[in-house]
Amino acid sequence: DTGVSQDPRHKITKRGQNVTFRCDPISEHNRLYWYRQTLGQGPEFLTYFQNEAQLEKSRLLSDRFSAERPKGSFSTLEIQRTEQGDSAMYLCASSLFGTVSYEQYFGPGTRLTVT
Amino acid sequence: DAKTTQPPSMDCAEGRAANLPCNHSTISGNEYVYWYRQIHSQGPQYIIHGLKNNETNEMASLIITEDRKSSTLILPHATLRDTAVYYCIVRVGGGSQGNLIFGKGTKLSVKP
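Residue numbers (this note's numbering), protein chains in the order written: chain A, 1365 to 1479; chain B, 36 to 147.
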């Protein structure tokens, strides 16, 4: 257990429905990241926050995706009008910006299946 | 695109050293080499990182060549629980670049 939690761990939804995932980072960490991982591939970066500010978004983050970190603590990732291609593992990670080593601590992920 | 090249898979006998290679021939002077691993159905886990010098911690050793174009992660006494996908990543240290860029990694299978 890295201290990063994600909820739910599994989500099955029908195409066209909206889904929302939550990530709770390590409490003192000021950076929070979202990644997506499909079968057989490494994680792909989606977006990251420093405190409540969203600093970078990948081209993978279409306009159906939105992420928030309203108080600089937990974060949510919402997918609207889900498509079958959204089926993947969604990973959250956190880190403490300003340290030399800067490793990221990952949560267990939320596995999304769109039917 | 990932800046590293790794073999897709490797086997290792339990109790023996696992040596996982990584090529990063275009690494810049301010880029560190990081290693993460991902055990099945879990999130990636940080293992070790280095800039120029060899590094060792309780999990592994990292050997970086003098020209920094390649490195080797060494698990000195592999156990069955070390079976995982191992990712070699190069990135600027100190937090100036946010995200990690993962390739496909090396799937290490430790066999009894």
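Glycine included, every Cβ here is placed at the ideal spot set by N, Cα and C. Source: prediction; values computed, not measured.
Apart from the 5 residues on each side of it in sequence, histidine 1374(A) sits with its Cβ closer than 6 Å to the Cβ of Arg1475 in its chain, given in chain order. The three-state reading of DSSP puts glutamine 1448(A) in helix, counting H, G and I together. Taken atom to atom, the span from the alpha-carbon of glutamate 1442(A) to that of arginine 1395(A) is near 19 Å. For lysine 38(B), the nearest beta carbon of chain A is not closer than 7 Å to its own beta carbon.
Going by DSSP, alanine 95(B) is part of no beta strand (DSSP E) at all; its letter is neither H nor E. Contact of phenylalanine 1409(A) with chain B is assigned, a C-beta pair being separated by under 7 Å. In the three-state DSSP reduction, leucine 86(B) falls in the coil class, being neither helix nor strand. Under DSSP, glutamine 1381(A) takes part in no beta bridge, so it has no partner. Nearest Cα to alanine 119(B) within the set Asn58(B), Leu110(B), Arg103(B): Leu110(B).
No residue range can be given for phenylalanine 137(B), since it is assigned to no beta strand (DSSP E) and is classified by DSSP as neither H nor E.
For the C-beta of proline 1389(A), not a single chain B residue is nearer than 7 Å; the gap to the nearest is close to 12 Å.
The C-beta distance from threonine 1366(A) to glycine 1436(A) rounds to 19 Å, too long to fall under 8 Å, and the pair is not in contact. Beta-bridge annotation (DSSP): lysine 1375(A) is paired with Leu1476(A).
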